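Numbering (our numbering), first residue to last: 2 to 458.
Worksheet: the structure to be examined is printed underneath.
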């Protein structure tokens, strides 16, 4: 590690790389103002996932290049990660940065193909500046929720969730967030991680998301009382009894819609701000022909270089501070710096950009009647206890059956036959689900109510 830094209000950039920082020249030029600073304002930490896969000479050369950057602090020992599973690297980077410098107040995750969209001074003023009405408050955590297709992100946006999906998926978010020191400490807390992993294994296995798209927010959302109970038990991760999702205020707020979810995020001290742009297909008006099954953003965004440069300028003026998979504006580091300086010099006061968009990228007034119906039914399902749902469904079915017979729409004999077939089919499906899918059967609601013991895997 580099020598201990002097006390100041610092920003840590936590890079999760594969084998190298792809746009190194742009970062060199962006960080150049730090060379003349007696007290650096930025600290850089790196994790190289492919460190053991590339030739030693190549890795040594990359580490040498990274260490020449102003603000460089550490290249961490490599921890096990994979596609869709970056939490181990996130935690390792946070723990290293927290231990290395007690004055760092904000921690920003960045990928290997990222590039800055605003000059260094503007980025620092925007991220580290005082909150309106609370000048002494710590920098705020910024989280970018995935969004709901057809409600607040476009219909074809692959990273969004469907309006009728489980309400627990509203906690899905992008990996590239900014955490203040308190939230960084929480995400690196072993007990919080154990409980978050237990919740993930109970409620999210088999869902269409990555662990790194929900575990961080789960760890932040767990009430302190639950963590204190776990600390007193001194349990290992295998012994953790996961709390019900409804015990998390963030999920409880989400059950009845976006408003409750967003209010609970604010109560946690987290803002909905998407400070890093990724060109997911179909998630922006400039990108046509979205693909809901896309597993990653599109390199270049499907744009011509001139269109790409215009988009970078537009995003910078909206408060988006970083981007990925777009390359450098103009094709060179100097052209890129010239564009982002020009794009941001006339925006905001005191060098502070507007608050970043709350989704990537939000669209208003796009919801259809069908979307609202799906969303409303999902709200009812999430907000009404299971026994009330069952009782209500039975009452409606009984009333409908009585009305059909009484109105001579169907005879009593055929009604009994229809009922018998209905019961038989459901019994077959139920027992097949138990036999074939021990952990995902129709017994799951009873397991979650504690009425049936869970199978040991």
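Just so you know, even glycine gets a beta-carbon here, dropped at the ideal spot from N, CA and C.
Since the structure is predicted, the reported quantities are computational estimates derived from the model, not experimental observations.
Worksheet item: For residue 14, does the count of other Cβ atoms within 10 angstroms reach 16, so buried, or fall short, so exposed?
Response: buried
Worksheet item: Roughly how many whole angstroms lie between the Cα atoms of residue 460 and residue 252?
Response: Because the chain here runs from 2 to 458, residue 460 falls outside it and cannot be looked at.
Worksheet entry | Contiguous alpha helix (DSSP H) assignments of at least 4 residues, all confined to the region 273-329 | 306-318
Worksheet item: Can you give the Cα-Cα distance for residue 20 and residue 53, rounded to whole angstroms?
Response: 9 Å
Worksheet item: Under three-state DSSP, which class holds residue 118?
Response: coil
Fill in: Per-residue DSSP class, three states only, for residue 394
helix
Discussion item. Under 8 Å, with one C-beta from each stretch per pair, do the region 116-123 and the region 18-32 reach the 3-pair mark?
Written reply: yes
Item to complete: Go through the region 12-84 residue by residue and report every complete run of the beta strand (DSSP E) that reaches 3 residues or more, in order.
Response: 43-49 and 73-76
Worksheet entry | Proximal residues to residue 67 (C-beta, below 7 Å), its chain only, five neighbours per side dropped | 22, 47, 73 and 76
Worksheet item: From residue 398 to residue 358, what does the alpha carbon distance come to, in whole angstroms?
Response: 45 Å
Worksheet item: Which two residues bound the contiguous alpha helix (DSSP H) that contains residue 91?
Response: 88-101
Practice prompt. Note down, in chain order, each residue of its chain lying with its Cβ closer than 8 Å to the Cβ of residue 340, except the 5 sequence neighbours on either side.
Written response: 310, 313, 314, 330 and 331
Discussion item. Tell me which residues share the same chain as residue 457 and place their Cβ nearer than 7 Å to its Cβ, disregarding the 5 neighbours each side in the sequence.
Written reply: Here the model assigns residue 457 a pLDDT of 43, short of 50, so the residue's position is not dependable and the matter cannot be decided.
Fill in: Spatial neighbours of residue 92 in its chain, beta-carbon cut-off 6 Å, leaving aside the 5 residues before and after
189
Fill in: Neighbour-count burial assignment, residue 97, 16 or more Cβ in a 10 Å radius
buried
Worksheet item: Is the distance from the Cβ of residue 130 to the Cβ of residue 321 below 7 Å?
Response: no
Worksheet item: Does DSSP put residue 179 in a helix, a strand or coil?
Response: strand
Practice prompt. To the nearest angstrom, report how far apart residue 17 and residue 39 are at their CA atoms.
Written response: 27 Å
Discussion item. Just to confirm before moving on: does the CB-CB distance between residue 30 and residue 338 stay below 7 Å?
Written reply: yes
Worksheet item: Does the pairing of the region 172-192 with the region 399-409 give three or more beta-carbon distances under 8 Å?
Response: no
Discussion item. What would DSSP say about residue 110, mapped onto helix, strand or coil?
Written reply: strand
Worksheet entry | residue 142 - containing beta strand (DSSP E), residue span | 142-144
Discussion item. If you measure between the beta carbons of residue 416 and residue 406, is that distance less than 7 Å?
Written reply: yes
Worksheet item: So is residue 414 buried or exposed if we call it buried at 16+ other beta carbons inside 10 Å?
Response: exposed
Item to complete: Whole angstroms is fine: what's the gap from residue 296's alpha carbon to residue 111's?
Response: 18 Å
Discussion item. One question on the structure: do residue 243 and residue 276 come within less than 7 Å of each other, judged by their Cβ atoms?
Written reply: no
Worksheet item: Would DSSP call residue 368 helix, strand or coil?
Response: coil
Practice prompt. For the alpha helix (DSSP H) containing residue 353, list its first residue and its last residue.
Written response: Per DSSP, residue 353 belongs to no alpha helix (DSSP H) and is neither H nor E.
Discussion item. If distances are taken between C-alpha atoms only, which option among 269, 27, 261 and 360 comes closest to residue 152?
Written reply: 360
Worksheet item: Any idea if residue 12 is buried or exposed, counting beta-carbon neighbours within 10 angstroms, 16 or more meaning buried?
Response: buried
Discussion item. Does residue 360 come out as helix, strand or coil in the three-state DSSP assignment?
Written reply: coil
Worksheet entry | Whether residue 70 touches residue 32 by CB criterion (7 Å) | yes
Practice prompt. Whole angstroms is fine: what's the gap from residue 384's alpha carbon to residue 256's?
Written response: 5 Å
Worksheet item: With which residues is residue 162 paired in a DSSP beta bridge?
Response: 149
Practice prompt. Measuring alpha carbon to alpha carbon, tell me which of 381, 429 and 375 ends up nearest residue 163.
Written response: 375
Discussion item. Please identify the residue among 279, 391, 210 and 58 whose C-alpha is closest to the C-alpha of residue 316.
Written reply: 279
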